[in-house]
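Residue numbers (numbering that gives the first Met the number 0), protein chains in the order written: chain A, 0 to 528; chain B, 0 to 113; chain C, 0 to 542; chain D, 0 to 708.
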Amino acid sequence: MIESLSPRLALLVPEMTLFVGAVVVAVLGLSKQRSVREALPFITCAALIASIVAVPFTWTDDNAQGAHLLLPMLGRFVKPLLAAMGVWLVLLSVGSVDRRMEELIARGRQPFDAQKVARGEYYAFFLLSLMGAMLLCNAHDLIWLFLAIELVSLPTYIMVAVGGNGSRPQEAAVKYFFLGAMSTAVFLYGFALLYGSTGSLELLVIRDSLATQAAGNGIDSLATIGIVLILLGLCFKITAVPMHFYAPDVYEGAPTHVTAFLSFVPKTAGFTALVLILTCVGWTGHALIAPDGVRVQYLGLPTPISAILWMIAVLTMTLGNLGALLQTSVKRMLAYSSIAHSGYLVLGLIAGAGAGIDALYLYLVAYGVMTIATFAALAAIERRGEEINSFSDLAGLRVRHPAMAWVIALCALSLVGMPPFIGFFGKIYLFIAAFEANQLGLVIAAVLNSAVSGLYYLRLALVPLVSPPSARSQEVTRVPSRWPQTAAIVCGVATIALSAAVGVLLQAVRTSTDSASASASHTSHSNHP
Amino acid sequence: MSEALSSAFTIAAPTQISIALAISAILFSLGLIGFLCRRNLIIMFLCTELMFQGAALAMIAFARMRMDVSGQVFVIFILTVAAAEAALALGLVVLLYRRRETLNSEAWADLGES
Amino acid sequence: MELIWLSIIIPVLTAGVIAISPSKHARNTAFAGSLLSLAALALFAWNFPAWKAGTYFPMTAGAHWVHGAGVSLSVGFDTVSLLLALLTAFLMPLCILGSFTAITDRVKEFYGWFLVLGSSILLAFAARDAILFYIGYEFTLVPMTLIVAIYGGTERRVAAIKMFLYTFLGSMFMLAALLYVGWEHRIASGAWNFDIDALTATAVRLPSATQYWLFAALMIGFAVKVPLFPLHTWLPLAHDQAPTAGSVILASALLKLGTYGNYRFALPMAPAGGAELMNVVAVLSIIAIIYASLICWVQTDAKKLIAYSSIAHLGLCMLGLFALNPMGAEGAVFYMVNHGLSTGALFLCIGMFYERYHTKDTDVLGGLAKRMPVWSCFMVFFTLASIGLPGLNGFVGEFLCLGGTFIAEHDANSGYPGVLGPWYAIVAGLGLIFAAMYLLILLGKIVWGPLREPHGDVSHGSHAAAPALPSDLGLREIAVLMPIAIACLWLGVQPKPMLDAISPCAQRMLVNYPAQVERVMAESIPVAPTPVITSMKTTLKVP
Amino acid sequence: MNGELSIPQVVIAPELAWVGLAILLPLLSAVVCAICGALRVKNKLPAIVTALALAISFVIIVQAYFAYSGPVQVPIFQWMTFQWGAGGPFHSFTANCSLYIDSLTLYWMLFVTGLGTLITIYASEYMEGDRGSGYSRFFFGISIFLFAMSALVLGDNLAMLYLGWEGVGLASYLLIGYNYDRPSAVAAAKKAFIMNRVGDLGLALGIFMLWANYGTIQYSELFAAMNSGGQSAVDWHISVIPFLLMLGAFGKSAQIPLFTWLPDAMEGPTPVSALIHAATMVTAGVYLIARLYPFFELHPEALATVAWIGCATALLAATIGMAQYDIKRVFAYSTISQLGYMFLGLGVGTTFGACYHTLTHAFFKALLFLTAGAIMHGFAGQLDLRKLSGLRHVAGWRIVSWTMFVGCLWLSAFPYTAAFFSKDAILLQALTSARADFRFLGWMGLFTAALTAYYTFRVWFRVCAGPVHFEAGSEGHHDHDDGHHAQDRRDAPGTHATFHPHAPRWAINGVLLILAIGALAVGLPAYKTVFMHEDNWAQQMIAHSSAYEGAGLADAHGHSDAPTPTMLGMDAHTGLTVVGSTASVGGILVAWFFHLRSRKSADQLRAALLRRWWLGWIPTAMEHKWYVDQIYHALFRLPMWIGAQILNFGDRHFLDGVLVDGIAKIPLALGRVFRPLYSGALQGYAVTMAGGVALVLAWASWVWLRGVH
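And the structure:
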């Protein structure tokens, strides 16, 4: 028992680092020293960087093999990814949390009141949520999976509520929380059914059990319904149809830095959870019983699940893009765009082990960079102390804030899938994966959707660069902190720079999921002769 | 006592499992229906708890069926998480109540497509 | 190989330099950069060992970029793509030189984007990898859209958005088709590889029903770019609104990406589809010729007129290409280059008087021969080149395109049967008459006749923002037009080297066609386009 | 087909490349002129250079004539040439810059370069008022024209011919539009180019058709293919070749239906009218048919069509010419009419007659135009024959008057002038033809000859004879619309009381004299035939080229096997001489009566005609050129223009506005459909989500689970 525990613990060093960081920032947030409070984001960053550094040392092959994980090498890629994106998410929030209060304190209008400050808590929750997402990679049973997902979610509810001021974040929080709770119940019930069908909570056991079922007459209905419920429940996390309805409101209502967080971390967590669950199901070795009783070997997920995912993918990308067309609020538009991108990402889930999961994670990297850069650029500017909201605020942004205008335009182009930005490579590899899975229909749907998405992304690109400045946009100023701008520029440059390194990136993704495909396909042969 | 324990660990009849599962499904559905129909935030939250408990009951029933304790362990975790959610929910509800002085969920519909 | 990359990268680097240097140096820097790029390409072309080669040079594969996806950074030219790249690189410095006084606002961005545009086009022409081609092809949209949207006329945003979305939608189909071929290659060989030759080799072996769809998908993408008849409406608007340099490069290089795409991808990859659809494309091309010519006739806006004439001219180019015989293909490729020269020069000419009078309306302005004799000489010269006067460049392409169409008959002696023939050529030939009509009407209005100048703007430069320009062309403007004029004349008098260079490429492109066309003709009822699903199903199940 | 064709074997002779200088020199002089224009040269340098270049070209051609021994092909450089597969016929396209020199080429080049030189000299004086402005441009145009014309005639393939064909069209365009600030000149230039383009299309299609059937467009190979019986792919294709080529010839030579551009082309300076629109360019159509004569027998009715069209044009143009008042217009219609004769000659089978008439016509028509130009030059653009009278009595105008008289005699085919013989050759062939319709055409030709004599001398008697009276034109050159501006002109200052016409000087007079002598001289071959019974030089030149005479038409004409045909009881030659002379002299006499003896009676006759409703339309229609322009406008231009407007509207508002923008709006409309789902109410979202879950579950359990198990 001890032998098996120590590798598991070693694998958790990054999470521990984050946990320590969370405790530290929570405590230091109560400090009366302004400089200490201002250092909180950077302490958070330090914790994140430390966790990145810890990964290669702790996530060795030996440790990973010893932990008996479903996807032994997944964490090696996903954890640094989460932490690295976390760094920019932190930086884009510098100076935002408690901003008004801190200004009042600085001007001496108000004394420091430990009861009212939220900055320490915010960063603590930030780290805890990221920690939850990281923990998902280590999940080896459903309990861990459930707890990790909840650990991702619960802090985000609070972050939405306390990260800004006014009633909109609170409205967003209440919607997010209540609907989130409902979705949790849905996938929890799915867990129960899956457990009932397979008799175990261990993912490896579930996988083998399902493989046995598949080898017989197919996965039984209890497990199928359970998996469908889990899928639907997790759709909430990945903002996919039919559980995406909250997203526009919450994204719009939440403060920009929280929106940025919401658009990446829970989504990555949701997809990782889905990858784990679907790896248990497996993308191969399923069979259809033809009417004449002959077994027909069938590639991909079992029919009902793949069909449901297919519908989810198509509907998600379509509804997301159609919704985004009509928006006048930039953040709300980006929320719909986030939904649409989830639809593309589901393609990777359908395509499955190997290329599909690779494409999924590659696209997550691309999407993370692009979306964080966009939100960072939005967070770096404000109008009369309020967040940027409508497109007319951005009109002619180039004149006063050229760098932010360019970043927004660049990211819009990357999001639409314009080469040679990273979004293009993400998309193209997703298409390749879909081809590998014979999902020509999905490719066509995605292609049409990409074309439709051009309608609104082009607007996002042209408004800051081309439109003449409006009366509203004349009042746009830069926020006091330079860090959001830095984050925007770095991520913006990354949308180009990463495409130069896309080969390296893809290689990294592959090594992390190679074992995934190996373990998923141990009962079957490879896709193609 | 030992007899009770041993009877607890004998394999339950399928009908009993079915009844337990049906109850769990009913609980879950009741929670869902309540969630959809009630407007009071606290009651809505309680309804989500009801759904959690439905899932938990199903878990216990299956654990019982499989003679496996891990399902029951899971239920303990579910209860814990539910408690955490309750704390969070109440905090949030208080926050909201302070701003609008109402617990009606319909008071919070500023966002959304105009 | 290094020289190719050099010529592609130099403009981008120059754009970078412009971005960080003060804006008063922008135009000179840009000019120098584009000249360097041209020099690099010219040096490569000078040493191009096989002007007669029908294959790529160099043959060595490029570095792998995205290993798993089979995308590699390989560039190379055959003579056709080299000619088109040379055309682009040749026009870049001239466009920049021509914009010295036209662009007064946001100067750095303009030259920066313009150079990036040039790089992107060069990359598309040079790419040996389908994805690399797509990157160059698609990215051209970004700088072009910005150039139109920032520096264009009053409706610039509508024009830019329409151009972007239209082309983007089309190229999405093309991308899907290319990926599909990549996938077929993956099935056949076990690895992803987007090398164009490899893809072509795979695609020609596909069942003809598949090729039909493949061709259609590729065609949609390229037809928007060409643009072919019903898909053309973005072009007049874009041309009308774009600044002069933008119009020039749009007409001369960007539209050629469409025809080049047909030459490089659609036709060689899906010969079965091409053979079946050749008459459809030909009919559309002919409609384009007649339709656009007639519209030209009643245009009063000089730029729109030239824009519509581009549609008509490229219709003829497509017709030649889809005659599917060497004469037509030679003519089409030759025409691609020469349409770029003469139409580009016409746009430059129109830009020059627009700079002076701020109007393109031929009802308001006219008789400029009195005021601007030198300009008038150039205008007349390029108009004649565009009309297709023998001895100038336009003629060779036009004549061969039309001839190719004419001889593409069922029982052609040329060894390349076709389903077009004299009737197609006769109707398309009406376009020659119309071209003379609308271009001479244009000349009659703006060059000849009594002098008419817009009211209130009689003295050039009275416009507040306009820089002082001489009433006739200055030396700089002559330096812009003169090289193009010389090229037009030279190619008209001495087309032989270029025809020889194109010939093997044209034959290589057409290698599968005689057999395919004969197959199509043999089937009295054309193959019903059976859904591609049937072929899908066969791959769906693992044997 | 009647056996082997008699086209001699072609020799490749690179050593004759110096003949190419005849093409190159005009081009060089064009370059010099362009440079002169750019440098704003104010002296006569452009004219001198052009004249010199043309003179040298002429010398070269003369040299080539004396060195000529048989058809040669002279390769110079490769132009539009490429091949595929194995090459050879049908697998290559060969259009090189090479020369094909045979007697027909030399025949044509001799008068083209010769007349070119003379007219350039004439123009050097005529255009001197424009020195420093359009002078260089003018001679640039002339040089370009001579370059293109030489390429047209000398080229060894149809692509070269096409190059020259369009090149002369360009020169014509530039020179008609020489006075570019006059809208009528610009319109006329445009009209000329576009109408020629219609013909050019026919020519181009003919060239393609030749290639499609013979695999080559080089004369030598085409003739060789013909010699060996030809290769036919499709009958329909073969037989349509002559008709396509014919269309090109009709366009360039201003025949029905493409003749209306030529009268308008008189907007150009008069030397241009003389050189391009009378003597040389318009004969390119004759050259084309003569050059490709064998191919006109590919369809039995092709030559008959040429004959009919030619005769109809001759008659129609003559009727119009009778009713015009502008001297140049009269001459323009006479040109069309005479070209009609040439086509009639080609059609009925006498290429000799046609080509000989081309030669004589070139001289006398150039002469006539140049005299008209001299008058116009001296009388400030006055060309209305009602406003000029008795010029031969005005000092300094005698040479003009009498050279004009020579020209008029020739044009009216006065007996024993050169034109009389050339016209006779044509009419004789027609009248002695075995075909009844050709004989009919011959009579029509005779009738037209009478009309020609009438309208020609109508001009001379009005302008040069009678009492002295003249009015100056409105400055440079007046508008040619019939009498529209009569009122203005009458008011203009410049009756003979105050106006002093400046008489022509040595260059104009000299050239006129030389041309008059030339017009006499071209009669020499005919005189030699008639009086010394030698072979006609022109006939020899034509017969030893591809334009062999009547080889395939023997059965149609019957002059080879039938006994000597008779006419009016006489030998056909004699008969025709009598009838032709009568027609000519009769026409002249009528003209004398109406326009010299009793000028009032002409007006009375016109008035009398106009009074009678059944006759009144005839003079009206003749004065309005039979309304052909208006008919063309109504038939072609107007419907096309309406169609274009509709298309333009449709393109903008339907194709772009409705279809493209409409399709772009579909996603927006769809987006609006889903909008109510995002109402903002918490419960609403919960219901939608739960509903979605329920739907998916229901669907999964009912459809799929039932299906699988």
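For glycine and all other residues, C-beta sits at the position ideal for the given N, C-alpha and C.
Look at the Cβ atom of residue i, then the Cβ atom of residue j, and state whether they are nearer than 7 Å.
{"i": "GLN72/D", "j": "VAL152/D", "result": "no"}
{"i": "VAL240/A", "j": "LEU348/A", "result": "no"}
{"i": "ALA12/D", "j": "ILE59/D", "result": "no"}
{"i": "SER292/C", "j": "ALA311/C", "result": "yes"}
{"i": "PHE263/A", "j": "MET84/A", "result": "yes"}
{"i": "LEU49/B", "j": "LEU20/B", "result": "no"}
{"i": "GLY84/D", "j": "GLY448/C", "result": "no"}
{"i": "PHE109/C", "j": "ALA123/C", "result": "no"}
Name the residue from the options whose alpha carbon lies nearest to the alpha carbon of residue i.
{"i": "SER196/A", "options": "PHE34/B, GLY70/B, CYS36/B, ILE77/B", "result": "GLY70/B"}
{"i": "GLY69/C", "options": "LYS23/C, GLY420/C, LEU177/C", "result": "LEU177/C"}
{"i": "VAL61/D", "options": "ILE100/D, ARG39/D, GLN629/D", "result": "ILE100/D"}
Spatial neighbours of residue i within its chain, please: C-beta separation below 7 Å, excluding the five flanking residues on both sides.
{"i": "LEU81/C", "result": "ALA44, PHE47"}
{"i": "SER28/D", "result": "VAL48, THR49, ALA52, SER142"}
{"i": "ALA147/A", "result": "GLY131, LEU134, LEU135, ALA138"}
{"i": "MET621/D", "result": "THR318, ILE319, MET321, ALA322"}
{"i": "PRO223/C", "result": "For clarity, residue 223/C is Val in the given sequence; the question names Pro instead. Within the same chain, VAL223/C has close Cβ partners TYR165, THR166, GLY169, LEU230."}
Does residue i come out as helix, strand or coil in the three-state DSSP assignment?
{"i": "MET79/D", "result": "strand"}
{"i": "PRO500/D", "result": "coil"}
{"i": "HIS468/D", "result": "strand"}
{"i": "HIS63/C", "result": "strand"}
{"i": "VAL227/A", "result": "helix"}
{"i": "ASN192/C", "result": "coil"}
List the residues of chain A that residue i touches, going by C-beta distances under 7 Å, in chain order.
{"i": "PRO666/D", "result": "LEU321, LEU324, VAL451, LEU454"}
{"i": "ALA83/B", "result": "LEU153"}
{"i": "ALA685/D", "result": "LEU178, MET181"}
Near residue i, which residues of its chain fall below 8 Å by C-beta distance, leaving aside the five closest residues on each side in sequence?
{"i": "GLY502/A", "result": "none"}
Between which residues of its own chain and residue i is the CB-CB distance below 6 Å, once the five residues before and five after are set aside?
{"i": "ARG196/D", "result": "none"}
{"i": "SER238/D", "result": "LEU297, HIS298"}
{"i": "ALA365/A", "result": "ILE421, GLY422, GLY425"}
{"i": "ASN103/B", "result": "ARG38"}
Residues of chain B with CB closer than 7 Å to the CB of residue i, please, in chain order.
{"i": "GLU149/A", "result": "VAL80"}
Below 8 Å on C-beta distance, what does residue i contact in chain D?
{"i": "GLY275/C", "result": "Looking at the sequence provided, one finds Glu at residue 275/C rather than Gly. Residues of chain D passing the Cβ test: none, with the nearest at roughly 23 Å."}
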